[in-house]
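S.K.: Chains as they are written, first to last, in my numbering: chain E, 1 to 328; chain Y, 1001 to 1316; chain C, 2001 to 2501; chain B, 3001 to 3307.
1) Using a Cβ-Cβ distance under 7 angstroms, would residue 3300/B count as near chain C?
2) Could you say if the segment 1039-1058 of chain Y and the segment 1271-1287 of chain Y meet the contact criterion of at least three C-beta pairs nearer than 8 angstroms?
3) Taking 7 angstroms as the limit between beta carbons, can you name the residues of its chain near residue 972/Y, skipping five residues before and five after?
4) Keeping to the same chain, check which residues put their C-beta closer than 7 angstroms to that of residue 2484/C; ignore five residues upstream and five downstream.
5) What are the boundary residues of the alpha helix (DSSP H) that includes residue 2368/C?
6) Is the Cβ of residue 3189/B closer than 7 angstroms to any Cβ of chain A?
7) Quick check: the Cα distance between residue 3091/B and residue 3037/B, rounded to an integer number of angstroms?
8) At least one CB of chain B closer than 7 angstroms to the CB of residue 363/E: is that the case?
9) Buried or exposed: which applies to residue 1066/Y, given that a residue is buried once 16 or more other Cβ atoms fall within 10 Å of its Cβ?
10) Please decide whether residue 2256/C counts as near chain Y, where near means a Cβ-Cβ distance under 7 angstroms.
11) Skipping 5 residues on each side, what residues in its chain have a beta carbon closer than 6 angstroms to that of residue 246/E?
12) At the level of alpha carbons, what is the spacing between residue 1070/Y and residue 3260/B?
13) May I ask you to verify whether the segment 143-156 of chain E touches the segment 107-126 of chain E, counting CB pairs closer than 8 angstroms and requiring at least 3?
14) Go to residue 2269/C, then tell me how far its beta strand (DSSP E) extends in each direction, as first and last residue.
15) Would you check if the distance between the CB atom of residue 3056/B and the CB atom of residue 3302/B is smaller than 7 angstroms?
16) Could you tell me whether the Cβ of residue 1275/Y comes closer than 7 angstroms to any Cβ of chain E?
17) Indicate whether residue 1289/Y and residue 1267/Y have their beta-carbon atoms separated by less than 7 angstroms.
18) Listing by chain order, which chain B residues have their CB less than 9 angstroms from the CB of residue 2108/C?
19) Would you report the Cα separation of residue 303/E and residue 143/E, rounded to the nearest angstrom?
20) Can you list, in chain order, the residues of its chain whose CB lies under 7 angstroms from that of residue 57/E, leaving out five sequence neighbours each side?
21) Given this structure, state the Cα-to-Cα distance separating residue 25/E from residue 87/E, to the nearest angstrom.
22) Name the chain B residues whose beta carbon is nearer than 8 angstroms to that of residue 71/E?
23) Taking residue 1281/Y as the query, report the chain B residues whose CB atoms sit under 8 angstroms from its CB, ordered along the chain.
24) For a contact meaning CB atoms closer than 8 angstroms, what does residue 3006/B contact in chain E?
25) Please state whether DSSP places residue 1002/Y in a helix, a strand or coil.
26) Can the beta-carbon of residue 3235/B be found less than 7 angstroms from the beta-carbon of residue 3249/B?
27) Is it a yes or a no for the segment 3001-3021 of chain B touching the segment 3147-3154 of chain B, going by three-plus beta-carbon pairs under 8 angstroms?
28) Given this structure, state the Cα-to-Cα distance separating residue 2377/C from residue 2034/C, to the nearest angstrom.
29) Does the beta carbon of residue 3228/B come closer than 7 angstroms to any beta carbon on chain Y?
30) At what residues does the alpha helix (DSSP H) containing residue 3165/B begin and finish?
31) Going along chain B in order, which residues have a C-beta closer than 7 angstroms to the C-beta of residue 1256/Y?
32) Measure the alpha-carbon distance for residue 1077/Y versus residue 1231/Y and round it to whole angstroms.
33) Tell me whether the beta-carbon of residue 119/E lies closer than 7 angstroms to the beta-carbon of residue 103/E.
34) Of the residues 2143/C, 2025/C, 2403/C, 2071/C, which one's Cα is nearest the Cα of residue 2340/C?
35) Mapping the DSSP letters down to three states, classify residue 192/E as helix, strand or coil.
36) How would you call residue 75/E, buried or exposed, if buried means at least 16 neighbouring beta carbons within 10 angstroms?
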């Protein structure tokens, strides 16, 4: 055992010696941006659109970029530190779940700006992007209620996270604003990547006569698209990214966060030094969140689209507020 | 080549890499590896370290949250005790099912892993949720529940020291004490232990199951006390399963588990660096880990073969 | 007698790793004969026959079957050529039915009904009856052996190799087997009987071959050799052979010492059972109302067929099994030598020292003093001549005989007041068996402590050679056997085994 | 009344969910009956998922299934080399294989499909209603309005049971798992049997994955096997190592999951985690209640050459 310990000490010393010699500061003046996602960037939703945002920053601002997929809270912190230590200018944690890590690590690396999407914490170099995702969700609810034949709809989430929860609430409020008696079923898959479970849950909801499903389950949600496509007689609504092309024939529309747009807004400010740490509210007005009806299907009546457009204009003008509290 | 350099740098390339990444990641693997090794040594296939870790984290979080700002020593000790209790309670269910109904622990512990994950998911949205009731997580623990760091300026925390001490104690216990010898005998030959040694096999196995769960629970306590300072869901990326490889690769020798847990910790820390610095996708990292494990397996297998030949039985 | 050679192996060499197991071994078996292949443990008997059966491929040497050179790539080929082998540790799948075991190795569709019919046909022709539907693990040992033979016969085996078949049989069963083998040979079949029991071999064989350390040292017709010559050939040391002969002679006068002891028997009781009942977990009564006292200085011989209750009796006396009813009086430590060494007595992957420590593992507290344990291990190794024994050596690298000597030595120390031995010489060669029986006999007088010994064996000769009195188990009851007027008359024992008085 | 209407969709979902689980579990069963526990099963499933996706995109569903099966076998073959040739520990080797397959498929997926993924563009096999039979009330649509894979399963279960108990090869397989010495003595080539069993498990694992992609989801995503390999291993235990038992246990799991989905759809106001944990709790209860001898093959998990 003693031998083993001694071996470690020796290896350690040698490593430190070599490491100190070869380490470069890494700061050669380039603008460097890093992104942490909680899931794989091939999900065609939350994570994939964030990665597209990162690529947009690279292409538009000539930034040097880095991405890492992280699983646990411990990893959030560790990677925030690593990027800070490497002198990254902007580090984006994609989700409210990164906010505690940002609060802890931020003070240690004052030259790096930490931004989390969702969450509410700020600091000298910590900011949060707050998406008014419930605004377009409300519109989706109106659109959905107008096409529901059975008067039963469903919301299907990966796990119950704050933005998902409030978006579902807004969807329900939107639906009830036009059809107060409509029934809305709620289900969660329990994870974000079991597409087969997503499909089965969607089928179960359809067996309960739900004919519009608003899904927000990333990769697992793809299964819900497949369920509706296969079974027909129902509409599905995409979330986070524009998912209208996933299953164009059965998709009513998507509730979109234009993450590339949002990321670019923030990154540009950071690059030119004008960024002030705050909760950046990105809403309908800033055109970062949108209800995007599927152009390949024409089921929404002009009356409905006009109604939504009217509310949207009022929302931008500040004369209309959603009939429920906004989530952070 | 860049990727491999990044792997090395991320694991051992700097003081930070070693003390704040590699060893921090090695800590849960070390404790869970010990839990698994103890059980396997007694012939008990405890695949449930994952769930036991989660329940240990729940216990320790509950202790930390309810004790508030009591003196640090008291809070940390209470977290240790609560973590161990949480883990032991969870393994106790499998132990009880085994003893009372003869349910194989291989399957019951896997089921309990899934159940524990669901339970944590509910707890952080229910009884243990932070007071604003927005986020699915507990409040951040007060400072007195933060486990002390071992090295100033680095993230390595008390949990690692506990793991190393526990490894040495466990090794000593196996080698030098009657109790440890009994456990080894039960695992290597339960019938002989009962018949030749008069060992009470059933109760030995039950005790081992509880202690194994308790150690795994301590790993959970260390994770929330030393790293995250709050209870989250998704606390473990499958440490409990990796720990099985950690323990087996060390041939269930507690001393070697220190080494193999650091090895796996280094692989994961290095893998993260590969993603960050060389933009190698996360999944490639799994390939690297798998290949390294298979490589080590192949080498030891070949060595075993030679050993076996040298020791060729002189009987027919 | 000029029968042609059915199976000839010549100049066989084979090694396991670095150990040379066979070096220039040969055997020629004539058709229609029973051929005994003799040798001590480790002499290479089983290895040679496994080569004949295609399980191992020799490094050097030739095999001729009915005059044609053959080279089996697997035992499947040997089986196809009409060779059948019954292994010492039976090759039965205990969780399968008898008929499935017989069918094992067949290709294509499995017609169990047809296989069962074949078994019935074999039973008619040979008298070897087995219930095809019986679970193999539930069969008695002798029935399992019958099943093994049936297995071979169903596949039309003309040459039957039996590895130590007598070790697990009662005298009656063994006599029955011998009769059957003779009958098989007379019908044109060929038998190779692997054994280390000279008497067993001489009783039935037409020819014999003796191996010593992987070489053929004697090849002869039965009629041309004496028992002494065979023993000398096997041991290669005439002094050991002589010692063994003395032991055998003693065994011919089994009850002489016993009578003397019993007449003046005043030893203090060491082990006692008072109205003991044992009911197993399935609710079957294994021991019914047993009352028994064993005094210091006594060797209680126990006989009984499988399932008669001897197993439970020994375990109750050794403190390894708690009675369902009744009281047991025994010292704190009773030495126990169980029959199934590799499962019940030692942990194969443990070192000798660890196996020594094992015996006290249940009661030990605190830390273990390994230095003292090593010293005691060395004592056992030297005192009991455990060949190749070293404290740190894994016990499964020793031969079976040496493992057993170690176990006996270990229990000898522990059981200062009482020792219970169950078939302790099973599978051992002459020398090792001799050493084990010596320890059992050492109950009193001289410099060894006087104690109570319980000795069970399936070999009646062996029991009579050491016991001062004998009890027979039958159907859960235990009764003392009164010797006949003529000490050499075995009838009372044979009758007691089947429950006749 | 409304609940009765839900019976058919529930049964239908039970069978559909059970199908991939049953394939994987039957494969594992064969492997375990030969004495090899294959923790690389999860890896075989994900490999089957990916192989199926890739090939179906090029050559249609039939090719997709074939390649899915072959992909599962490829992973199993590597596992077999470690376990049978190098004689390493089965559990470590299996764990490493799962990691390897998860990594390989994820990497290849990224390389071939980029960050945008494969969408739902894969040709799939939908449910096909058996004329006549599917018209039986309630159970008709449940049993006979399934994908062709489920029908394949209907055929596979009795075939496998027959093979295992009525052929020499099946008997040999069981003997190898119970007592390899006995099998050897009977002239059975034990390594060959084990190779066959492991490859069979790989093939069925691959088929399970292909079913997920081509008959159910219509796309791939990283880690979409989602622990089904481990559940399949549990199913084998629950099915007490018999073919019919395993199929039944898979159905029980399928039903438990289907019930879970249905519970959520019933709009019951309970924490959803309760429903998600339900199948696992049910398994524990069943294991405790369904008494009887546990009949693990005696050689299961032993390193090759240790006995």
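Yeah, the Cβ is synthetic: ideal placement off N, Cα and C, and Gly gets one too.
M.R.: Answer, in terms of the structure:
1) At a cut-off of 7 angstroms between beta-carbon atoms, residue 3300/B makes no contact with chain C.
2) Segments in contact, no.
3) This structure gives no information on residue 972/Y, because the portion of chain Y shown stretches from 1001 to 1316.
4) Contacts found: 2491, 2492.
5) Residue 2368/C -> no alpha helix (DSSP H), and no H or E assigned at all.
6) No chain A is part of this structure, whose protein chains are labelled E, Y, C and B.
7) If you take the alpha carbons of residue 3091/B and residue 3037/B, they lie about 7 angstroms apart.
8) Since the first residue shown for chain E is 1 and the last is 328, residue 363/E is missing from the structure and cannot be characterised.
9) By the neighbour-count rule (16 or more Cβ atoms within 10 Å), residue 1066/Y is not buried but exposed.
10) Bear in mind that a pLDDT of 38 at residue 2256/C, under 50, signals an unreliable position, so the number given afterwards is only what the model happens to contain. No - not a single Cβ of chain Y is within 7 angstroms of the one on residue 2256/C.
11) Within the same chain, 225 come within 6 angstroms of residue 246/E by CB-CB distance, once the 5 residues on both sides are set aside.
12) Take the alpha-carbon of residue 1070/Y and the one of residue 3260/B: they are about 43 angstroms apart.
13) Too few Cβ pairs lie closer than 8 angstroms, so no.
14) Its beta strand (DSSP E) spans residues 2269-2279.
15) The answer is no: Cβ separation not under 7 angstroms.
16) For residue 1275/Y, the answer is yes, since a Cβ of chain E falls inside 7 angstroms of its Cβ.
17) It is a contact, given that the beta carbons lie within the stated cut-off.
18) Result: 3167, 3168, 3169.
19) If you take the alpha carbons of residue 303/E and residue 143/E, they lie about 10 angstroms apart.
20) Cβ within range, chain order: 33, 63, 65, 263, 264, 267.
21) With a pLDDT of 42 at residue 25/E, under the threshold of 50, the predicted position of this residue should be treated as unreliable, though the coordinate-derived value follows. One Cα belongs to residue 25/E, the other to residue 87/E, and the distance between them is close to 8 angstroms.
22) In chain B, no part has a C-beta under 8 angstroms from the C-beta of residue 71/E; the shortest such distance is about 11 angstroms.
23) Contact of residue 1281/Y with chain B by beta-carbon distance below 8 angstroms involves 3106, 3107, 3110.
24) Near residue 3006/B (Cβ distances below 8 angstroms), the residues of chain E are 207, 208.
25) Three-state result, residue 1002/Y: helix.
26) Closer than 7 angstroms, so yes.
27) The answer is yes - the segment 3147-3154 of chain B touches the segment 3001-3021 of chain B, with three or more Cβ pairs under 8 angstroms.
28) Approximately 44 angstroms between the Cα atoms of the pair.
29) Chain Y, which has no Cβ nearer than 7 angstroms to the Cβ of residue 3228/B, makes this no.
30) Element bounds for residue 3165/B: 3148-3166.
31) The premise fails here: residue 1256/Y is roughly 14 angstroms from chain B at the closest Cβ pair, so nothing lies under 7 angstroms.
32) When rounded, the distance between both Cα atoms is 18 angstroms.
33) No, the pair does not count as a contact, with Cβ atoms beyond the cut-off.
34) Residue 2340/C has its Cα closest to that of 2403/C, out of 2143/C, 2025/C, 2403/C, 2071/C.
35) Under the three-state reduction of DSSP output, residue 192/E falls in the coil class, being neither helix nor strand.
36) By the Cβ-count criterion, residue 75/E is buried, with 16 or more other Cβ atoms from all chains shown falling within 10 Å of its own Cβ.
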